Structures are given as structure tokens and as C-alpha cells.
Amino acid sequence: MACFLNCVRFDVSKTITDKPTSKESGVTCYSWDDVETLTSNFSRLIGSGGYSSIYMARFSGSDKAAVKVHVSSHRLYQIFRLELDILLRLQHPNIVKLLGYFDDSEENGALLLEYLPQGNLQEKLQSNSKQVLLWRNRVAIALQLVQAIEHIHEKSKVGFSSMVQPPTMSPRSRQVRMVGSPGYTDPHYLKTGIASKKMDMYGFGVVVLELVSGKEAFSAERGEMLVHTAAPLMNEILDSSVDIAEDKVRRFLDPRLLSNSLDIDEVKTMLSVAALCISSKLSLRPSATHVAETLIKEIPSLSFLGCGKGV
Ligand SMILES: Nc1ncnc2c1ncn2[C@@H]1O[C@H](COP(=O)(O)OP(=O)(O)OP(=O)(O)O)[C@@H](O)[C@H]1O
1 MACFLNCVRF
11 DVSKTITDKP
21 TSKESGVTCY
31 SWDDVETLTS
41 NFSRLIGSGG
51 YSSIYMARFS
61 GSDKAAVKVH
71 VSSHRLYQIF
81 RLELDILLRL
91 QHPNIVKLLG
101 YFDDSEENGA
111 LLLEYLPQGN
121 LQEKLQSNSK
131 QVLLWRNRVA
141 IALQLVQAIE
151 HIHEKSKVGF
161 SSMVQPPTMS
171 PRSRQVRMVG
181 SPGYTDPHYL
191 KTGIASKKMD
201 MYGFGVVVLE
211 LVSGKEAFSA
221 ERGEMLVHTA
231 APLMNEILDS
241 SVDIAEDKVR
251 RFLDPRLLSN
261 SLDIDEVKTM
271 LSVAALCISS
281 KLSLRPSATH
291 VAETLIKEIP
301 SLSFLGCGKG
311 V
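Shown next as C-alpha cells:
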């Protein structure tokens with residue numbers, strides 16, 4: 001998931017085969033000493049990833065940044081390089097900016113990212129959070145995310161999304177490439193090791209289910225994946241030649257959103273999109289462009305964004 005949630009202002013024609021020198025194209029190459037200073041010796045942990053820890057950093061002007069320090073490992077270094085390579089080529093308003101990085105070219109790496117003060121989606125959706133995330137904001141998040149994915153798939157020449165594992169790759173190195181967060185990772189990718197645009201659409205479909213239900217993709221507490229809970233409804237949506245019953249949709253919906261003013265057809269549109277995106281039939285999964293067009297056309301609540309101009 002992180003891959004499509006990060007970004008950089010950088011010349012897309014550049015690769016990192018040759019390390020950029022300091023301040024090249026707006027992305028700074030830092031030394032480890034710099035990273036230590038910026039994070040005040042890693043004094044404030046603000047998040048944890050599957051292979052990384054995220055620390056608060058401050059520049060001298062007191063501007064904040066987030067430093068994602070990857071686990072030190074020769075094996076996991078490839079994951080860092082892959083993420084850095086992608087970030088160096090991306091530029092989109094809906095994706096966080098890469099400000100700089102540290103790379104020892106062997107086993108240690110860190111990414112210096114624009115600081116995002118609003119927390120992550122799970123925090124926003126959590127049932128005990130005081131403010132309920134409004135429906136229109138949920139559909140806006142879905143649209144912004146799919147527009148970011150569309151940018152990666154269609155406009156960025158990143159290539160990773162359609163990347164197929166070279167047949168010569170050893171099982172060990174293949175394992176290294178197989179990254180993903182629990183609950184979001186396409187079972188087809190887990191089975192074959194083949195990364196594709198369809199895999200990204202699967203992850204997007206899971207986020208849509210989270211936005212509609214208010215539940216997290218994977219509940220460690222219940223040992224439950226949202227895609228499994230949603231499966232009967234998803235199958236019914238895909239199989240059904242008739243309109244899906246409203247009470248079934250309402251039962252899946254985040255109870256905090258139940259109100260007369262909510263247009264249930266918009267919820268049905270979101271669920272239909274999710275059902276197609278997470279379908280085990282890869283041919284059914286739509287492109288990011290198609291999903292963005294569908295959301296803009298079928299969800300009037302998005303009009304507050306001035307849709308069609310990109311958000
Ligand atoms: N730029 C940022 N600004 C503020 N907080 C951040 C930022 N990046 C990450 N975080 C915090 O750290 C948490 C984990 O980050 P992220 O989701 O990027 O990890 P991940 O993708 O699971 O990592 P990995 O690549 O190691 O698997 C986020 O949920 C968020 O709370």
C-alpha cells in the first residue's frame with residue numbers, strides 16, 4: 001500500500017543507478033549523521049510499517065518531516081531501493097512528497113517524506129474517534145486514491161505496476177519482492193509472485209470496503225480479513241442480475257453513516273466498484289481510469305470537489 005501513497009518532485013527521466021548528489025532536482029541525499037540530527041537521534045517514533053519505523057524529523061526552520069527508516073538488512077534493502085526508485089519518479093498532488101533519502105548502497109536506507117499531520121485512514125475511521133468521517137469525505141478519499149493510482153499506472157513510466165518477475169529470479173529473491181500489508185495484498189500476487197496493475201486495483205478495492213464499512217482491512221484482534229467478511233455481499237453483487245437489496249447494503253455500511261440523507265445508490269456504486277476490484281477473475285478488475293470516471297459520474301456527493309478537474 002505504501003507504494004501508491006508516496007511521491008516525489010523529481011525528473012522522471014532519472015534513475016537512481018547513479019546516486020543524486022545533494023539537492024539534485026529537489027531531492028536531497030543525506031548522510032546518516034544528517035538523519036540522526038534531523039530526528040534528534042530518533043527520539044520520536046510516529047508510526048511503524050511492515051519493514052520500517054517512521055520518526056518525526058525537524059529542519060532548522062522547524063518544518064516537520066517524517067523519516068521512514070527501513071530495517072537494516074541486506075535482504076530487505078531491495079525493498080527500500082524499490083520504494084525509493086518509485087518515489088523518485090512520481091509527482092502527483094495526491095501522493096506524499098519525497099524530500100530526501102539516505103542510502104548506504106548495501107543494507108541501510110531511509111526516506112525523508114513530507115509530514116502528513118492528519119493521521120492515517122484507520123485512525124480517521126476508528127469507531128472511537130470523536131468525529132465521524134463524513135460520507136462525502138470518504139468518497140473523496142476513494143477518488144483521490146484512484147486518481148493517484150491512475151497517475152502511477154498511466155502517466156508516470158514507473159513500470160512497477162506491470163512488472164513481471166523475471167523467470168531467472170531465485171525463489172529467495174522472489175520472496176524479497178513479495179511485499180504487502182495484511183488484508184490488502186492480492187491473493188493472486190501471493191500465489192504467483194506476479195505484480196500487476198490488477199494487484200493495485202485489488203488493494204484499492206479493499207480500501208473502498210474500509211471506507212464503506214468503517215472496519216479495518218485486517219483485524220488482528222479478531223484475526224479477520226475484511227475481504228472475507230465482505231465476500232458473501234461481494235459475490236451477490238457480482239452474480240446478481242437484479243438490484244442488490246438495500247437492507248444488505250445497510251447492514252454492511254458503517255452504522256455511524258446510517259441516516260436518511262445518505263444516498264444509498266452511492267453506497268451501492270462504491271460496493272460495486274469494490275466487488276469488481278477484488279474479484280478473483282482478473283479480467284473483471286477495472287482500470288484506475290475507469291473507476292475514476294465511474295465515481296465522478298455516479299456519485300453526486302463528489303460535486304463539492306469540482307470533479308473532472310482532478311482533486
Ligand atoms: N509522511 C508521513 N507523515 C506522517 N506520518 C506518517 C508518514 N508516513 C508514515 N507515517 C505513519 O507511519 C505509519 C506507517 O507508515 P506506512 O503505512 O507508510 O508503512 P508501511 O507501508 O506499512 O511500511 P513498509 O513499507 O515498511 O511496509 C502510518 O500509518 C502513519 O501513521
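The sequence shown runs contiguously to residue 311 in UniProt numbering. For glycine and all other residues, C-beta sits at the position ideal for the given N, C-alpha and C. As the structure is a prediction and not an experimental result, all values here were calculated from the model.
Hey, quick one: how far does the beta strand (DSSP E) through residue i stretch, first residue to last?
{"i": "residue 58", "result": "52-58"}
{"i": "residue 297", "result": "Premise fails: residue 297 lies in the alpha helix (DSSP H), 288-298, not in any beta strand (DSSP E)."}
{"i": "residue 106", "result": "Where residue 106 is concerned, there is no enclosing beta strand (DSSP E), given that its DSSP letter is neither H nor E."}
{"i": "residue 143", "result": "No beta strand (DSSP E) contains residue 143, which is instead part of the alpha helix (DSSP H) from 135-150."}
{"i": "residue 35", "result": "Careful: residue 35 lies outside any beta strand (DSSP E), inside the alpha helix (DSSP H) at 32-38."}
Do residue i and ligand 3 come close, with the Cβ less than 7 Å from some heavy atom?
{"i": "residue 95", "result": "This structure lacks ligand 3; its bound ligands are ligand 1."}
Examine ligand 1 and report whether any of its heavy atoms sits within less than 7 Å of the Cβ of residue i.
{"i": "residue 49", "result": "yes"}
{"i": "residue 224", "result": "no"}
{"i": "residue 298", "result": "no"}
{"i": "residue 68", "result": "yes"}
{"i": "residue 46", "result": "yes"}
{"i": "residue 52", "result": "yes"}
{"i": "residue 210", "result": "no"}
{"i": "residue 181", "result": "yes"}
{"i": "residue 115", "result": "yes"}
{"i": "residue 108", "result": "no"}
{"i": "residue 120", "result": "yes"}
Note down, in chain order, each residue of its chain lying with its Cβ closer than 8 Å to the Cβ of residue i, except the 5 sequence neighbours on either side.
{"i": "residue 104", "result": "32"}
Hey, quick one: how far does the alpha helix (DSSP H) through residue i stretch, first residue to last?
{"i": "residue 203", "result": "197-213"}
{"i": "residue 375", "result": "Residue 375 lies beyond the stretch modelled for the chain, which goes from 1 to 311, so this question has no answer here."}
{"i": "residue 98", "result": "No alpha helix (DSSP H) holds residue 98; the beta strand (DSSP E) holding it covers 96-103."}
Comparing C-alpha positions only, which one of the options sits nearest to residue i?
{"i": "residue 37", "options": "29, 26 and 58", "result": "58"}
{"i": "residue 228", "options": "62, 186, 268 and 194", "result": "186"}
{"i": "residue 152", "options": "192, 139, 89 and 250", "result": "89"}
{"i": "residue 235", "options": "284, 53, 49 and 147", "result": "284"}
{"i": "residue 182", "options": "280, 219 and 100", "result": "219"}
{"i": "residue 108", "options": "73, 92, 137 and 266", "result": "73"}
{"i": "residue 65", "options": "210, 150, 111 and 298", "result": "111"}
{"i": "residue 197", "options": "78, 49, 146 and 91", "result": "146"}
{"i": "residue 291", "options": "41, 205, 248 and 53", "result": "205"}
{"i": "residue 134", "options": "50, 193 and 261", "result": "261"}
{"i": "residue 233", "options": "143, 245 and 94", "result": "245"}
{"i": "residue 49", "options": "200, 67 and 118", "result": "67"}
{"i": "residue 46", "options": "95, 101 and 117", "result": "117"}
Counting only the same chain and skipping the five closest in sequence on each side, list residues whose C-beta sits under 7 Å from that of residue i.
{"i": "residue 214", "result": "125, 127, 254 and 256"}
{"i": "residue 136", "result": "301 and 304"}
In its own chain, which residues sit with a C-beta less than 6 Å from the C-beta of residue i, not counting the 5 before and 5 after it?
{"i": "residue 177", "result": "Low local confidence applies: a pLDDT of 44 at residue 177 is under 50, so the model's placement there is unreliable, and no value is given."}
{"i": "residue 80", "result": "70 and 109"}
- prompt: Whole alpha helix (DSSP H) runs in the segment 215-273 with 4 or more residues, listed along the chain?
  reply: 226-239 and 246-252
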